[in-house]
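S.K.: Let me give you the structure first, and then I'll get to my questions.
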């Protein structure tokens with residue numbers, strides 16, 4: 004590794020060497036993330052804008068997309084939400100809280116045998132619909148459930 | 074450096090259930106401290122789950138995921154002894170990778 008380091012440190016063409024090493028897999032980044040964080044979608048304050056940014060405007064309701072969430076959440080800081088898509092070839096699931104300051108809460112993509120089945124705990128600011136979006140074969144599907152919050156999730 | 078994750082991976086029939094507990098404050102950037110100053114956002118943005126080095130789930134989280142996130146996933150085609158690797162990275166560039174073995 005010392006030799007490699009020296010080559011890199013030489014300066015001229017250093018980035019080229021590094022890129023080459025990355026390409027050949029000699030220097031693997033320790034963390035491999037498929038995507039960058041979608042700042043535009045997560046920063047959207049409006050539900051419609053958020054949906055549009057993840058390409059899910061006009062998603063069709065589908066009973067094969069099942070969401071489990073409590074009817075009444077006593078503590079809005081921890082609301083367990085399970086989403087299971089029984090739609091074949093579901094490639095991703097997004098979860099949004101309609102009335103949160105930033106509606107998009109989480110986005111998951113599946114590959115290599117992962118089932119479209121996730122559970123997560125969310126903060127819910129006030130009584131709101133929780134919306135799940137599933138993508139399968141380029142089409143988007145949606146399911147939603149109203150969760151009543153008695154103590155908000157964004158207070159101190 | 075953040076605390077280690079707790080990862081449990083268990084075979085249930087032919088499906089491997091993975092549950093992860095991450096230790097993270099998950100600040101939304103909306104809250105204010107006692108002096109009325111906004112507490113800056115500090116939350117996990119990216120999550121990656123791999124089975125034997127092959128990526129299975131890649132996730133993106135917002136600050137609206139609860140503090141100390143608990144995530145659950147299911148993967149087909151795993152067997153006991155397989156290695157599950159979970160990584161996360163937050164908006165301040167901090168990151169953490171932990172491993173567990175499928176039981």
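Chains as they are written, first to last, in the working numbering: chain P, 4 to 159; chain W, 74 to 176.
Glycine included, every Cβ here is placed at the ideal spot set by N, Cα and C.
Given the structure is predicted, the values throughout are model-derived calculations rather than measurements.
1. Distance check for residue 96(W) and residue 76(W), CA to CA, integer angstroms please.
2. So if I threshold CB-CB distances at 7 Å, which residues from the region 109 to 140 of chain P count as touching chain W?
3. Could you list which residues in chain P have their beta carbon closer than 7 Å to that of residue 134(W), in chain order?
4. At a cut of 8 Å, does the region 83 to 92 of chain P reach the region 126 to 145 of chain P through at least three beta carbon pairs?
5. What runs of the beta strand (DSSP E), each 3 residues or longer, lie entirely inside the region 95 to 130 of chain W?
6. Do you know whose CA, among 50(P), 55(P), 122(P), 116(P), lies nearest residue 100(P)'s CA?
7. Check each residue of the region 142 to 172 of chain W: if its Cβ is closer than 9 Å to any Cβ of chain P, include it; give the result in chain order.
8. DSSP three-state call for residue 71(P): helix, strand or coil?
9. Under a CB-based cut-off of 8 Å, is residue 85(W) close to chain C?
10. So, at 6 Å on beta carbons, what are the nonlocal neighbours of residue 168(W) in its own chain, with the 5 sequence-adjacent residues on each side left out?
11. Where does residue 37(P) land, buried or exposed, given buried means 16+ other C-beta within 10 angstroms?
12. Please list, in chain order, all residues of the same chain as residue 26(P) whose beta carbon is under 6 Å from its beta carbon, the five residues on each side excluded.
13. Are the beta-carbon atoms belonging to residue 142(W) and residue 123(P) less than 8 Å from one another?
14. Closest by CA to residue 131(W), which one among 104(P), 128(P), 41(P)?
15. When DSSP labels each residue in this structure, what does residue 176(W) get in the three-state scheme?
16. List the residues of chain W whose Cβ lies closer than 9 Å to the Cβ of residue 73(P), in chain order.
17. Nearest by alpha-carbon distance to residue 112(W): which of 100(W), 123(W), 136(W) is it?
18. Quick check on residue 136(W): buried or exposed, where buried means 16 or more other Cβ atoms within 10 Å of its Cβ?
19. Just to confirm, is the Cβ distance from residue 117(P) to residue 148(W) under 8 Å?
20. In or out: residue 166(W) buried (at least 16 other Cβ within 10 Å) or exposed?
21. Can you give, in chain order, each stretch of the alpha helix (DSSP H) that sits fully within the region 80 to 158 of chain P and has at least 4 residues?
M.R.: Result, derived from the coordinates:
1. 6 Å
2. 109, 110, 111, 112, 113, 114, 115, 116, 117, 118, 120, 121, 122, 123, 124, 125, 126
3. 109
4. yes
5. 117 to 124
6. 50(P)
7. 142, 143, 144, 145, 146, 147, 148, 149, 150, 151, 160, 161, 162, 164, 168, 170
8. strand
9. Absent from the structure is chain C; the protein chains it does hold are P and W.
10. 162
11. exposed
12. Here residue 26(P) scores only 49 on pLDDT, less than 50, and its place in the model is too uncertain to base an answer on.
13. yes
14. 41(P)
15. coil
16. Chain W residues near residue 73(P): none, gap ~13 Å exceeds 9 Å.
17. 100(W)
18. buried
19. yes
20. exposed
21. none
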